[in-house]
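By our numbering, the letter at position 53 of the sequence shown is numbered 121, and the numbering carries on one by one without gaps. Note that the Cβ used here is the ideal one computed from N, Cα and C, for glycine as well.
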Amino acid sequence: NLPRCPDCHGLIRPDVVWFGESLPMGAIQDAHSCAQRSKVFLIIGTSGVVEPAASLPFIARSAGAYLAEFNLEPTPLSDICDECFHGEADKLLPDLIEILTKKKNISQ
69 NLPRCPDCHG
79 LIRPDVVWFG
89 ESLPMGAIQD
99 AHSCAQRSKV
109 FLIIGTSGVV
119 EPAASLPFIA
129 RSAGAYLAEF
139 NLEPTPLSDI
149 CDECFHGEAD
159 KLLPDLIEIL
169 TKKKNISQ
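Below you can see the structure in the form of structure tokens.
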């Protein structure tokens, strides 16, 4: 059963952007701004080829961010990453926490 409007009984559209639709310009600008300010940038479960999201790791990298990729297999973004973890993200993300914890302890 799909959700329907109680007034007109038309299908209610979820607040998502479907493949092939454009993102709102404000969301793209916010994402670019966040990427430019990132110290750590996580790339999780993406092909790394669909724009505008595919350019965000390059923006973060150019601003000096530490990039970590979590994906089932290598992507076009793998070569620019500091760390690549290939497998299921829910099993791999704890590895990043361990690495970052060690780096933090070394720098203190």
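- A buried status is given to Glu-137, since no fewer than 16 other beta-carbon atoms sit within 10 Å of its beta-carbon.
- Sixteen is the threshold: when 16 or more other Cβ atoms of the shown chains lie within 10 Å of the Cβ of Ile-111, as they do, the residue is buried.
- The C-alpha of Gly-88 is placed about 26 Å away from the C-alpha of His-77.
- Under DSSP, the beta-bridge partners assigned to Val-108 are Tyr-134.
- Pro-125 is positioned such that its CB atom lies closer than 8 Å to that of Leu-145.
- Taking a contact as a CB-CB distance under 8 Å, the pair Leu-140 and Asp-150 does not count as one, their CB atoms being some 19 Å apart.
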